[in-house]
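Peer 1:
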Amino acid sequence: MASIPPDDDAAAVEAAAGENGHGNGNGPSSYPPPAKRPRSVISAAQIRAEFEHHEAGVARVNNGSFGCCPSSVLDAQARWQRLFIAQPDDFYFHALQAGVRRSRAAVAGLINAGDVSEVSLVDNATTAAAIVLQHAAWSFAEGRFARGDAVLMLHYAYGAVKKSIHAYVARAGATVVEVPLPFPVASADAIIAEFRAALAVAKAGGRKVRLAVIDHITSMPSVVIPVKELVAICREEGVDKVFIDAAHSIGQVPVDVRDIGADFYTSNLHKWFFCPPAVAFLHTRKDDPIASQLHHPVVSHEYGNGLPMESGWIGTRDYSAQLVVPESIDFVNRFEGGIEGISSRNHEKVIEMGTMLAEAWGTFLGTPPELCGSMVMVGLPGCLCVESDDDALRVRTMLRKDFMVEVPIYYNSRRVEAQEMAKDKNGDAVTGYVRISHQVYNVTEDYEKLRDAVNKLVAEGFTSSKLRPSEKLNPNFGVDWSTGNVGMMNIAANQHSVGRYVVADYLDVDRRDSQRCDVI
Numbered sequence: 001m002a003s004i005p006p007d008d009d010a011a012a013v014e015a016a017a018g019e020n021g022h023g024n025g026n027g028p029s030s031y032p033p034p035a036k037r038p039r040s041v042i043s044a045a046q047i048r049a050e051f052e053h054h055e056a057g058v059a060r061v062n063n064g065s066f067g068c069c070p071s072s073v074l075d076a077q078a079r080w081q082r083l084f085i086a087q088p089d090d091f092y093f094h095a096l097q098a099g100v101r102r103s104r105a106a107v108a109g110l111i112n113a114g115d116v117s118e119v120s121l122v123d124n125a126t127t128a129a130a131i132v133l134q135h136a137a138w139s140f141a142e143g144r145f146a147r148g149d150a151v152l153m154l155h156y157a158y159g160a161v162k163k164s165i166h167a168y169v170a171r172a173g174a175t176v177v178e179v180p181l182p183f184p185v186a187s188a189d190a191i192i193a194e195f196r197a198a199l200a201v202a203k204a205g206g207r208k209v210r211l212a213v214i215d216h217i218t219s220m221p222s223v224v225i226p227v228k229e230l231v232a233i234c235r236e237e238g239v240d241k242v243f244i245d246a247a248h249s250i251g252q253v254p255v256d257v258r259d260i261g262a263d264f265y266t267s268n269l270h271k272w273f274f275c276p277p278a279v280a281f282l283h284t285r286k287d288d289p290i291a292s293q294l295h296h297p298v299v300s301h302e303y304g305n306g307l308p309m310e311s312g313w314i315g316t317r318d319y320s321a322q323l324v325v326p327e328s329i330d331f332v333n334r335f336e337g338g339i340e341g342i343s344s345r346n347h348e349k350v351i352e353m354g355t356m357l358a359e360a361w362g363t364f365l366g367t368p369p370e371l372c373g374s375m376v377m378v379g380l381p382g383c384l385c386v387e388s389d390d391d392a393l394r395v396r397t398m399l400r401k402d403f404m405v406e407v408p409i410y411y412n413s414r415r416v417e418a419q420e421m422a423k424d425k426n427g428d429a430v431t432g433y434v435r436i437s438h439q440v441y442n443v444t445e446d447y448e449k450l451r452d453a454v455n456k457l458v459a460e461g462f463t464s465s466k467l468r469p470s471e472k473l474n475p476n477f478g479v480d481w482s483t484g485n486v487g488m489m490n491i492a493a494n495q496h497s498v499g500r501y502v503v504a505d506y507l508d509v510d511r512r513d514s515q516r517c518d519v520i
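Going letter by letter, the sequence shown gives residues 1 to 520 in UniProt numbering.
#1: What are the residues that DSSP puts in a beta bridge with residue 524?
#2: Since V179 and M153 should fall inside the 8 Å C-beta cutoff, what is the C-beta to C-beta distance between them, to a whole number of angstroms?
#3: With a 10 Å radius around its C-beta and 16 neighbouring C-beta atoms as the bar for buried, classify E445 as buried or exposed.
#4: I need the boundaries of the beta strand (DSSP E) containing F84, first residue and last residue.
#5: Tell me whether K203 sits in a helix, a strand or coil according to DSSP, three-state version.
#6: Can you tell me the Cβ-Cβ gap for V242 and A212, rounded? I've got them flagged as a contact below 8 Å.
#7: So the candidates are L323, D452 and L365; which of them puts its Cα closest to the Cα of V107?
#8: Looking only at DSSP bridge pairs, what is G432 linked to?
#9: If you draw a straight line from the alpha carbon of V227 to that of I244, how long is it in whole angstroms?
#10: Can you tell which of I314, V440 and M404 has its C-alpha closest to the C-alpha of V100?
#11: Helix, strand or coil: how does DSSP classify L211 here?
#12: By alpha-carbon positions, which one of A422, S470, Y433 and V454 ends up nearest to A186?
#13: Could you name the residues that DSSP lists as bridge partners for residue 604?
#14: Short of 7 Å in beta carbon distance, which residues of its chain neighbour Q419, apart from the five on each side in sequence? Order them along the chain.
#15: Which full runs of the alpha helix (DSSP H) of 4+ residues lie inside the segment 274–347, going along the chain?
#16: What does DSSP give as the partner residue(s) for M153 in the beta ladder?
#17: Suppose you measure from the CA of Q87 to the CA of A188; what does that come to, to the nearest Å?
#18: Rounded to whole angstroms, what is the Cα-Cα separation between S374 and R345?
#19: Please state if the CB of V407 and the CB of N63 are separated by a distance shorter than 7 Å.
#20: With distance defined between alpha-carbon atoms, name the residue in A146, I165, G148 and R147 nearest to residue 525.
#21: Distance check for D115 and T316, CA to CA, integer angstroms please.
#22: Thinking C-alpha only, which one of F335, V350, L307 and A98 is nearest V132?
#23: Is the CB-CB distance between G432 and V386 below 7 Å?
#24: In the DSSP assignment, what are the bridge partners of L357?
#25: Just to confirm my understanding: we take S29, look at its own chain, exclude 5 residues before and 5 after, and list those with CB closer than 8 Å. What are they?
#26: In three-state DSSP terms, what is K425?
#27: Between E340 and chain B, is the shortest Cβ-Cβ distance under 7 Å, so that the two count as touching?
#28: If you draw a straight line from the C-alpha of E55 to the C-alpha of P368, how long is it?
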């Protein structure tokens with residue numbers, strides 16, 4: 001029979017999962033993650049060794065997009081992969097569900113879930129969003145929601161999630177209302193005020209607000225959102241359900257799902273928690289009847305056995321990323337203060353490096369430190385003239401290829417009404433921002449490399465227009481950088497404005513001959 005790596009965890013995992021490891025996926029709720037032997041605090045040399053597989057010479061200040069995974073966790077993943085390849089049947093019947101439950105129990109402890117049955121493991125936060133939105137779409141289709149009932153989302157919601165909202169619930173009959181957010185943003189109060197105002201628009205005319213989709217940390221621009229306060233507002237105002245898309249949160253900010261109080265909460269474990277791609281969790285409250293009505297969008301043999309089991313088997317595939325969460329916890333516990341210590345130090349360093357860049361470029365941070373986690377937005381000199389999402393992508397590509405700097409660039413075209421465009425020290429409008437990350441492998445030289453690259457461009461009189469193609473393109477062929485789709489775009493929408501609020505009753509997006517070009 002296959003043994004579950006590491007060997008000292010096997011007995012506990014088998015006991016938790018049942019005799020053959022292929023039970024209901026819940027087991028006794030008191031089962032704790034296996035205890036780890038104490039280890040000395042990791043050294044700088046050991047950190048370098050853990051990430052020596054990173055490409056040499058690249059200033060990798062973009063942990064936020066794809067995360068990172070240390071060698072010790074990759075080794076554990078490889079052991080699981082070999083175990084499956086060696087004897088797939090034995091792995092499926094005796095190891096897989098036991099290992100998945102071990103990881104679910106570890107996540108339940110991390111986020112203060114009420115029970116391991118509240119935690120499902122999925123590929124990523126986009127998959128979790130599909131699970132929640134699929135149920136909302138069924139509610140419209142089956143008449144539990146009335147056509148025209150509202151779904152509320154932030155304007156800065158992640159592009160794939162925004163498209164999922166339209167693909168699932170707008171198509172099913174929902175009215176979608178966006179919350180416009182200021183950027184740069186001065187305080188959490190500004191976010192709360194905009195949310196209250198948009199919620200009033202959503203409720204206008206007696207509409208019921210069936211779902212609010214709220215980011216914990218927005219992707220681009222990166223802002224820590226006061227989710228606990230917004231959830232409380234939703235409860236006060238009678239919003240049916242609240243889904244927190246926290247793709248970037250675990251490992252950046254504290255996550256206590258019971259304290260936050262949302263109905264659904266998802267976060268990626270491969271971005272800031274050192275798991276290999278791709279694994280995320282979706283938390284639902286076990287006392288909520290809706291939990292038994294949620295289903296994975298990929299239907300397989302476990303359909304109807306509860307979301308944790310459905311997500312734990314969606315057909316033959318590589319499940320190893322879901323099985324090494326305990327090893328990632330073991331890795332973070334090698335650092336002083338564990339994950340809390342890591343995130344605190346990352347926050348301090350990213351603010352320090354962001355301030356250094358802002359001073360060097362004569363600009364500013366896009367948010368105050370209290371609205372940052374381990375990422376911060378830094379204004380680029382206005383003379384670079386970033387005037388579109390295409391400009392931003394081309395400058396990003398140039399920094400990668402010509403300067404070996406990997407950093408996302410954000411074009412700020414979307415501002416709330418009456419907010420003036422911020423200017424740099426020379427009086428030029430700041431339209432472009434870099435989003436820098438700090439993770440344990442980063443060093444000061446990474447940010448100095450970015451600083452010097454931008455300073456060189458400024459000194460040479462570079463503007464983004466120099467990278468634009470000279471030939472005219474088919475106006476019906478283009479790139480939607482909010483979603484990363486390239487191709488023929490045919491959008492038929494009953495989309496209108498109520499004051500400065502975007503309200504969409506129906507949106508149909510047809511992509512032909514397209515390829516993915518993700519901006520994360």
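Glycine residues also receive a C-beta, built at the ideal position from the N, C-alpha and C atoms.
Peer 2: The short version:
#1: A question about residue 524 goes unanswered here, because the residues of the chain that appear run from 1 up to 520.
#2: 7 Å
#3: exposed
#4: From DSSP, F84 is part of no beta strand (DSSP E) but of the alpha helix (DSSP H) over S71 to A86.
#5: helix
#6: 5 Å
#7: L323
#8: Y411
#9: 8 Å
#10: I314
#11: strand
#12: A422
#13: The requested residue 604 does not occur in the structure, where the chain is confined to residues 1 to 520.
#14: P182
#15: 307–312, 320–323 and 325–332
#16: E178 and V213
#17: 53 Å
#18: 9 Å
#19: no
#20: With the chain represented from 1 up to 520, any question about residue 525 goes unanswered, as that position is not in the structure.
#21: 28 Å
#22: L307
#23: yes
#24: Answer is none; L357 lacks a bridge partner.
#25: Residue placement at S29 is poorly supported in this model, since its pLDDT is 35, which falls under 50; the coordinates are not used for a value here.
#26: coil
#27: Checking the listed chains, one finds no chain B in this structure; it contains a single protein chain.
#28: 32 Å
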